[in-house]
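To keep things clear, I will list the structure first and then write my remarks on it.
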Amino acid sequence: MDNLDVISGEPATASEPVAVVGAAAAKPRRRDRRSPLAWVRGEDLAALAFALPMLVIFTAFSWYPITRLVVLSFQQTNLIDPPTWVGLQNFRDVIGDPLFATAVRNTAYFAVLALLFGYPIPLIAAVLISESRRFRGIYSALAYLPVVIPPVVGVMLWKYVFYEPSSVGLFNTVLGWFHLGPYGWLQSPGTAMPALVVESTWANAGATVIIYLAALTTVDTDLYDAASVDGAGLWHKVWHITLPQLRGVLLITLILQIIGTAQVFLEPFLFTSGGPANSTLTVLLLVYQYAFGNSIGVGFGDAAALSLMLAAFLAVFSVVFMRVTRSWSTR
Amino acid sequence: MISLRLRRGDATEDSTGGLLSYTDWARRDIKLLFGSAQVLLLVLLVLIGLGPVVWLAKGAVTPTIDTLRNPLALFPHGVAWSNLSDAWSKVNVGRYFWNTIVLALGSWFCQIVVATTGAFVLSVLRPAWGRFVNVLLLGTLFVPVVVLIVPLYIEVVHPPLIHHSFAESYWAIWLPAGASAFNVVLMKRFFDNLPQELFEAARIDGAGPVRLFFSIVLPLSKPILGVVSIFAILAEWKNFLWPFLVLTNSPDRQPLSVRLPAIQAQTQLGVLLASMLIASLVPILGFLIFQRSFLRGSGFGGALKG
């Protein structure tokens with residue numbers, strides 16, 4: 186990976202396609218000196234042809250929709266009449282909506298819970314797994330298995346079997362052995378969100394374990410040996426060698442997890458539809474409800490405004506996060 | 019990376035090349051603590067990782083009444099293989115299975131074409147405007163795809179320039195799947211690290227960009243093509259919201275992830291579980307077969323994001 190800069194210099198004189206053997210081909214490939222004709226005929230034309238799928242697809246399905254999102258958030262549209270400009274009205278609508286505060290609070294709550302459950306556990310698991318020579322493969326395969334199960338299947342399995350509120354739900358059956366329950370995990374506002382987070386952690390933690398396992402193989406083992414010679418104990422080594430060596434990856438997984446949980450949609454949508462009493466209404470679920478909840482089209486402006494606010498928040502957050510932690514992560 | 023691995027070979031006698039040295043492993047308290055933590059982890063992983071899958075497989079072939087009476091009983095009244103066949107034909111899961119495959123293959127194809135040709139331009143051909151495109155690409159990494167559902171939906175239903183709605187069409191899913199900057203960046207990184215001498219030698223021998231692409235770059239890129247392919251297919255298999263939105267009115271064309279929640283209310287639990295098992299089979303089998311790519315690929319992706 187470090188030889189990137191070595192090879193990023195200009196490619197040596199490139200021979201043009203056989204078709205062009207004229208003066209253009211003989212010239213050295215210096216961008217500023219070439220005539221427009223050479224530009225059109227030479228490898229740049231081939232480059233343009235090769236870039237066409239990327240340019241078309243990204244223009245149509247990434248760059249244009251991003252622009253359109255910004256435009257839409259200042260417009261009122263119903264998909265039939267031409268859209269009208271309404272200034273900041275959509276943003277005012279959204280911020281004035283009492284559900285907006287609820288959704289932001291719930292999303293933050295989900296993110297915090299997901300960090301509490303999902304951040305330390307994969308790290309501990311990865312440290313333990315990486316010390317096991319023989320069973321490493323089995324450990325990581327078991328940890329990763331829930332990640333490959335389609336999320337919809339995972340949610341339905343948990344909803345209709347594990348979290349089933351009657352006494353024959355799987356969790357309630359087990360608790361019944363101890364004469365506890367039955368509990369309506371998803372039916373009470375207090376437990377619904379934690380229940381969603383538990384399922385989501387189950388579904389995602391394996392991916393983080395694998396990232397940590399990969400990072401652990403790059404820890405300089407000489408440091409362990411040196412520490413051992415100096416008589417350092419296990420905790421000392423974990424605290425002073427493993428964690429500091431992993432801090433770059435730890436910061437990345439932290440921000441990736443925060444960005445991911447800020448976009449949580451599937452779990453609240455399929456588990457609870459945002460209920461009970463809006464206790465699991467998240468920001469993206471609110472976007473969905475604005476856009477597709479009532480008659481389609483009426484709330485597109487509000488949905489775009491809220492989407493834009495979320496995207497802007499995440500972008501600003503990422504940049505600030507990287508700025509703040511840069512000195513710390515690269516030493 | 020390589021230097022680290024080399025160093026690991028000639029470490030001191032006490033070194034295991036890991037966190038714990040042999041002396042550590044010989045200490046009784048550490049051995050007990052760490053060893054029992056590992057065993058506990060294994061038990062937990064079997065319970066949490068494997069348990070739900072095994073239970074799903076059991077529930078899929080258990081009569082609904084038995085599952086409803088006690089979800090942890092092991093076949094009190096025999097096995098109901100009929101759940102699987104009912105799911106496949108009566109609930110039409112066979113059809114949705116096929117839809118899912120067609121959607122996944124189309125999205126895969128679109129992603130591979132865009133990522134390989136795009137990365138080839140940015141990494142090997144390097145036209146003057148490549149830098150500018152690269153910046154625009156990297157910029158899209160900051161915009162989560164899901165915030166674009168509203169403009170994308172409007173675009174698909176009322177596309178600009180073309181007066182033809184793409185709603186209810188697979189093109190509405192295949193084409194947007196290609197717009198993954200992550201794939202292009204991943205591919206570009208790989209191409210950047212291919213030996214440049216090969217490209218130069220081929221150019222001197224008179225190979226044009228097309229030859230370069232098909233005869234040199236693609237054959238050398240099998241590992242990265244494998245990783246991108248696996249994740250492209252898995253991602254489409256998992257996809258829910260976008261197909262749910264654009265295929266709303268054509269149940270017969272919807273993939274499994276969209277149909278499963280829809281058929282839940284009017285399907286017996288046993289048959290539903292069988293449908294869910296069928297929906298999970300391809301990803302699980304794919305994972306077991308390509309385990310190496312999966313586990314290495316995720317680490318790769320993680321390292322790249324840094």
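Residue numbers (the numbering used here), protein chains in the order written: chain A, 186 to 516; chain B, 19 to 324. All residues carry an ideal CB built from backbone N, CA and C; glycine is no exception. In this text, all values refer to a predicted model and were calculated from it rather than measured experimentally.
Interface residues of chain A facing Ile66/B [CB-CB closer than 7 Å]: Trp387
Leu65/B classed as buried or exposed, judged by whether at least 16 other C-beta atoms fall within 10 angstroms: exposed
Closer than 9 Å to chain B by CB, Tyr518/A: Lying before the first or after the last residue shown, residue 518/A is absent from chain A, which here runs from 186 to 516.
Separation of Leu102/B from Ile443/A, as counted between CA atoms: 39 Å
Alpha-carbon to alpha-carbon, Pro374/A and Leu254/A: 33 Å
Cross-chain neighbours of Gln448/A in chain B, by beta carbon under 7 Å: Pro162, Val164
Interface partners of Val80/B on chain A, CB under 8 Å: The sequence given here places Thr at residue 80/B; Val does not occur at that position. Correct list: empty, because the minimum Cβ distance to chain A is about 11 Å.
Rounded C-alpha distance that separates Arg432/A from Ile306/A: 16 Å
Closer than 9 Å at the beta carbon, the chain C residues around Ala496/A: Of the chains in the structure shown, none is chain C; the protein chains are A and B.
Residue of Val203/B, Ile191/B, Pro241/B minimising C-alpha distance to Leu263/B: Ile191/B
Beta-carbon proximity check, Val164/B vs Leu259/B, cutoff 9 Å: yes
Environment of Ala146/B [buried if 16+ CB atoms lie within 10 Å]: exposed
Other residues of its chain near Ala195/B: CB distance less than 7 Å, five sequence neighbours each side excluded: Ser125, Cys128, Gln129, Glu254
Min CB distance Ala377/A to chain B below 9 Å: no
Under 8 Å from the C-beta of Ala55/B: neighbouring residues of chain A: Leu313
Cutoff 9 Å: Gly320/B Cβ touching any chain A Cβ: Confidence in Gly320/B is poor, its pLDDT being 40 and thus under 50, which makes the residue's placement unreliable; the coordinate value appears in the next sentence. Between Gly320/B and chain A, the shortest Cβ-Cβ separation is below 9 Å.
Beta-carbon proximity of Phe249/B to Ser141/B, cut-off 9 Å: no
Whole beta strand (DSSP E) elements within the region 70 to 96 of chain B, 3-residue minimum: none
Short-range partners of chain B found in the region 301 to 326 of chain A, where Cβ spacing is below 9 Å: Ile309, Ala310, Val312, Leu313, Ile314, Ser315, Glu316, Ser317, Arg318, Phe320, Gly322, Ile323, Tyr324, Ser325, Ala326
Residue nearest to Ala292/B in terms of C-alpha spacing, selected from Leu143/B, Lys108/B, Trp116/B, Leu51/B: Lys108/B
Inter-residue CB distance, Tyr345/A and Asn357/A (contact presumed, cutoff 8 Å): Going by Cβ atoms, the distance from Tyr345/A to Asn357/A rounds to 13 Å, so no, they are not a contact pair.
Beta-carbon neighbours of Val131/B, restricted to chain A and to distances below 7 Å: Pro238
Residue from Phe52/B, Ile307/B, Ala105/B whose Cα sits closest to the Cα of Gln284/B: Ala105/B
9 Å Cβ cutoff met for Val333/A and Ile167/B: no
Any chain A beta carbon closer than 9 Å to Asp42/B: yes
Residue environment, Tyr40/B, which counts as buried when at least 16 other CB atoms sit within 10 Å: exposed
Chain A contact residues for Pro301/B, given Cβ-Cβ distances below 8 Å: Near Pro301/B (Cβ distances below 8 Å), the residues of chain A are Val333, Ile334, Pro335.
When Ala310/A, Thr252/A, Thr465/A, Asn263/A are compared against Tyr59/B, the one with the closest alpha-carbon: A small correction: the amino acid at residue 59/B is Leu; Tyr does not occupy that position in the sequence shown. Selected option, being the one with the closest Cα: Ala310/A.
Interface residues of chain B facing Leu355/A [CB-CB closer than 9 Å]: The contacting residues are Trp73, Pro89, Leu90.
CA-to-CA distance, Ser258/A to Phe246/A, given in whole angstroms: Taking the CA atoms as reference points, Phe246/A sits about 18 Å from Ser258/A.
9 Å Cβ cutoff, Leu37/B in contact with chain A: yes
Neighbour-count burial assignment, Ser298/B, 16 or more Cβ in a 10 Å radius: Ser298/B should be labelled buried.
Integer Cβ distance of Ile242/A from Leu193/B, believed to fall under 8 Å: 6 Å
Trp270/A - partner residues in DSSP beta bridges: Gln260/A
Buried/exposed call for Asp270/B, threshold 16 Cβ in 10 Å: Classification for Asp270/B: exposed.
Cβ distance (whole Å) where Met378/A is taken to contact Gln282/B below 8 Å: Not confirmed; about 22 Å, so no contact.
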